[in-house]
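Trainee: Got a structure for you, questions after.
Residue numbers (our numbering), protein chains in the order written: chain A, 63 to 317; chain B, 251 to 606.
Here you go:
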């Protein structure tokens, strides 16, 4: 069964059709890229999958569960994590806290437990802390655990944001322009990081990206959309020679 | 040993105060000031939970205090007073039932806060501020129009409960309960806000969208946070009613809410120790400036030139305190503590205690 199945997804904002008839089917373990010019509706698709918008038409099915009517935090607890185009960490909390709070949906204790602090509270907090520390260690962020994200360089903030998304232990990871604003050496590191995450965790990744280097070196399959509609899909080589894609990015050669 | 050092210190302080009060070494006036310090600590720390930690701007905190005060007063009179017929419980039970009365006041306040919490799911900032003012007025007006609890004339008779406790065992009971509930309040907030569950509140404050996406149930967090905050304010209201022995809806109007807000901003947004310190400082200032001699001395350079002017301390303190606020906002806009705790400012303190 497919992990993510989107069928006839359409989103209208008033008269604007941001996404029209978008279909996708991702098997577990795939790494797919979603590209397209600015304003093509890529981030809208992410917002729809993560539950921020309710689709005007069409269905989104996650691992067999339809997500219609679910709140974003409920969708997340089904195993969907995402990062943001502009980094949205909690900047006034330590990196460790950022990672811990993202495990809110399987906290396992109630408000009363947090006040009374019995055995259940201690066990749950220890479990959360253990997961967070292991993840920080795996992402080589341990030395920054007590730092505030706002004091870290941009590349590291990116890494922290991906670590925070990973602490949800997602089945599906949505990366919204992970390479945006990174310098070329950071981009190299990011490509390695994403590949490493994909290989070492049992995870499916859907990625929006503008830098072709990142997309072509990572994604097995690429979907190109423009004005909300899919205009091409295929492997990196197919896409690069596809006339519709070239037209969408560079315009028509007839003047 | 450091694990308990703070608890031991606080217990020692409480026992000392109670002993001093019991043997009449400190008089009723000092006791009353101490009790108001306690109540203001409860008000500022509980408001800090919403205005500071969650970053929502609410200015109707007195509404919850009012609900708590009236609920516990009515229960108190019902159980031990004579206004609503014969007392339901014997006098000897007063000291056992009293905390339950106060807590039930807290529960009532906490249920009222749903009126604010549900709109807060969708609204923020100025719009939520307007809703909270509206709720403040709603609660006051509703009570003013309830004749069976005195309406705008106010309500009294809860001193019977305090006397009942005193008759059973002679002891400064109110001081004891205020200290107990203040510690309970700070302890509850501290534990809630430092747990990973409670840190979700800070996450909502710093980036609500990210919090929701990262699996924090923001609506639930807001509801829980508002209810805890209002519940503790309700307990403060119940204690206030029993100290004064008389409640009037107008004593919980927007001015009272503002007082709580002033304490939060004075102490520093989101700092629990700041809220405690500012409540002590603010209440202390109010009392110190009550002294006519001090005000005369402070204004003597002015009155030298205007011998006809006879400033009254009760009025002039409302010039000094707002002026102090203006100065603080000008030169230290983050408040006394900023958003730091005492142990962040003085890291050496960590050696001596762990506060859990």
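Even glycine gets a Cβ: it sits at the ideal position worked out from N, Cα and C. As the structure is a computational prediction, the values presented were derived from the model and not from experiment.
Whole angstroms is fine: what's the gap from residue 80 of chain A's alpha carbon to residue 291 of chain A's?
Mentor: Whole-angstrom Cα-Cα distance: 9 Å.
Trainee: For residue 95 of chain A, list the residues DSSP reports as bridge partners.
Mentor: According to DSSP, which records beta bridges pairwise, residue 95 of chain A is partnered with A:269, A:284.
Trainee: Look at the alpha carbon of residue 213 of chain A and the alpha carbon of residue 188 of chain A, and state the distance between them as a whole number of angstroms.
Mentor: Each residue's alpha carbon lies about 27 Å from the other.
Trainee: Answer yes or no: do residue 381 of chain B and residue 366 of chain B have a C-beta to C-beta separation smaller than 8 Å?
Mentor: Contact: yes.
Trainee: Give me whichever residues DSSP pairs with residue 296 of chain A in a beta bridge.
Mentor: For residue 296 of chain A, which the question treats as bridged, DSSP gives the partners A:284.
Trainee: List, in chain order, every chain B residue whose beta-carbon is nearer than 7 Å to that of residue 134 of chain A.
Mentor: Chain B residues near residue 134 of chain A: 462, 463.
Trainee: Between the Cα of residue 111 of chain A and the Cα atoms of A:100, A:87, A:101, which residue gives the shortest distance?
Mentor: Taking only the C-alpha atoms, the option nearest residue 111 of chain A is A:87.
Trainee: What alpha helix (DSSP H) runs, 4 residues minimum, are completely inside the region 396-447 of chain B?
Mentor: Entirely contained in the region 396-447 of chain B, the alpha helix (DSSP H) runs reaching 4 residues are, in chain order, 409-418, 423-444.
Trainee: Counting beta carbon pairs with one atom in the region 385-393 of chain B and one in the region 316-324 of chain B, are three or more of them shorter than 8 Å?
Mentor: They touch, by the three-pair rule.
Trainee: What residues match up with residue 123 of chain A in a beta bridge as DSSP calls it?
Mentor: Answer by DSSP bridge pairing, in chain order: A:67, A:128.
Trainee: Can you tell me whether DSSP reads residue 606 of chain B as helix, strand or coil?
Mentor: Note on residue 606 of chain B: pLDDT 49, under 50, position unreliable in the model; the coordinate value appears next. Note: residue 606 of chain B maps to coil in three-state DSSP.
Trainee: Please classify residue 321 of chain B: does DSSP put it in a helix, a strand, or coil?
Mentor: It is helical.
Trainee: Out of B:563, B:518, B:355, which one is the CA nearest neighbour of residue 544 of chain B?
Mentor: Looking at the Cα atoms, B:563 is the closest of the given residues.
Trainee: Here's the rule: buried if 16 or more other CB atoms are within 10 angstroms of the residue's CB, otherwise exposed. What is residue 124 of chain A?
Mentor: Result: buried.
Trainee: If I measure Cβ to Cβ from residue 326 of chain B and keep anything under 6 Å in the same chain, skipping five residues before and after, which residues do I get?
Mentor: Same-chain partners within the cutoff: 351, 408, 411.
Trainee: Any beta-carbon of chain B closer than 8 Å to the one on residue 283 of chain A?
Mentor: Closer than 8 Å: no.
Trainee: Grouping DSSP H, G and I as helix and E and B as strand, with all else coil, what is residue 109 of chain A?
Mentor: The answer is helix: DSSP assigns residue 109 of chain A an H, G or I state.
Trainee: Suppose you measure from the CA of residue 433 of chain B to the CA of residue 588 of chain B; what does that come to, to the nearest Å?
Mentor: Answer to the nearest angstrom: the Cα atoms are 22 Å apart.
Trainee: In this structure, how does DSSP classify residue 353 of chain A when only helix, strand and coil are distinguished?
Mentor: Given a span of 63 to 317 for chain A in the structure shown, any question on residue 353 of chain A remains unanswerable.
Trainee: Report the CB separation of residue 415 of chain B from residue 344 of chain B in whole angstroms; it is logged as a contact under 8 Å.
Mentor: Their Cβ separation, rounded to whole angstroms, is 5 Å, which keeps residue 415 of chain B and residue 344 of chain B in contact under 8 Å.
Trainee: Would you say residue 106 of chain A reaches chain B, if we count a Cβ-Cβ gap shorter than 8 Å as a contact?
Mentor: It does not; no Cβ of chain B falls within 8 Å.
Trainee: Let's see if you can read the secondary structure: which residues bound the alpha helix (DSSP H) around residue 570 of chain B?
Mentor: Residues 563-581.
Trainee: As a quick exercise: from B:371, B:497, B:476, pick the residue whose alpha carbon is nearest that of residue 401 of chain B.
Mentor: Ranking the options by Cα distance to residue 401 of chain B, first place goes to B:497.
Trainee: For residue 267 of chain A, collect the residues of the same chain with a Cβ closer than 6 Å to its Cβ; drop the 5 residues on either side in sequence, then sort them by chain order.
Mentor: Once the five neighbours on either side are set aside, the close Cβ partners of residue 267 of chain A are 93, 235, 260.
Trainee: Residue 244 of chain A: which of A:262, A:228, A:258, A:275 sits nearest, CA to CA?
Mentor: The shortest Cα separation from residue 244 of chain A among A:262, A:228, A:258, A:275 belongs to A:275.
Trainee: Is there at least one Cβ from chain B nearer than 8 Å to residue 154 of chain A's Cβ?
Mentor: Yes, residue 154 of chain A counts as interfacial toward chain B.
Trainee: Under 8 Å between C-beta atoms, does residue 173 of chain A make it to chain B?
Mentor: It does: the Cβ of residue 173 of chain A has a partner Cβ on chain B nearer than 8 Å.
Trainee: In whole angstroms, what is the alpha-carbon distance linking residue 542 of chain B and residue 550 of chain B?
Mentor: When rounded, the distance between both Cα atoms is 12 Å.
Trainee: Given that residue 441 of chain B touches chain A, what residues does it touch there, using C-beta distances under 7 Å?
Mentor: Going along chain A in sequence order, the residues near residue 441 of chain B (Cβ under 7 Å) are 176, 177, 179.
Trainee: Beta-carbon within less than 6 Å of residue 529 of chain B's beta-carbon, same chain only, minus the 5 sequence neighbours each way: which residues are those?
Mentor: For residue 529 of chain B, where only same-chain residues beyond five positions count, the Cβ hits under 6 Å are 290, 291, 294, 513.
Trainee: By Cβ distance, which residues of its chain are closer than 8 Å to residue 115 of chain A, with the 5 residues on each side in sequence left out?
Mentor: Cβ neighbours of residue 115 of chain A beyond the five flanking positions: 73, 106, 109.
Trainee: Rounded to the nearest angstrom, how far is the Cβ of residue 370 of chain B from that of residue 306 of chain B, given a contact under 8 Å?
Mentor: About 6 Å separates the two Cβ atoms, so the contact holds.
Trainee: Measure the C-alpha to C-alpha separation of residue 501 of chain B and residue 301 of chain B and round it to an integer number of angstroms.
Mentor: When rounded, the distance between both Cα atoms is 22 Å.
Trainee: Can you list the alpha helix (DSSP H) stretches of 4 or more residues lying completely in the region 149-213 of chain A, in chain order?
Mentor: Segments of the alpha helix (DSSP H) lying fully in the region 149-213 of chain A: 157-163, 173-178, 181-200.
Trainee: Compile a chain-ordered list of the residues in the region 228-259 of chain A whose CB is closer than 7 Å to at least one CB of chain B.
Mentor: Result list: 230.
Trainee: Measuring CB atoms only, is the region 275-285 of chain B touching the region 443-453 of chain B, in the sense that at least three cross pairs come out at less than 8 Å?
Mentor: No, the region 275-285 of chain B does not touch the region 443-453 of chain B.
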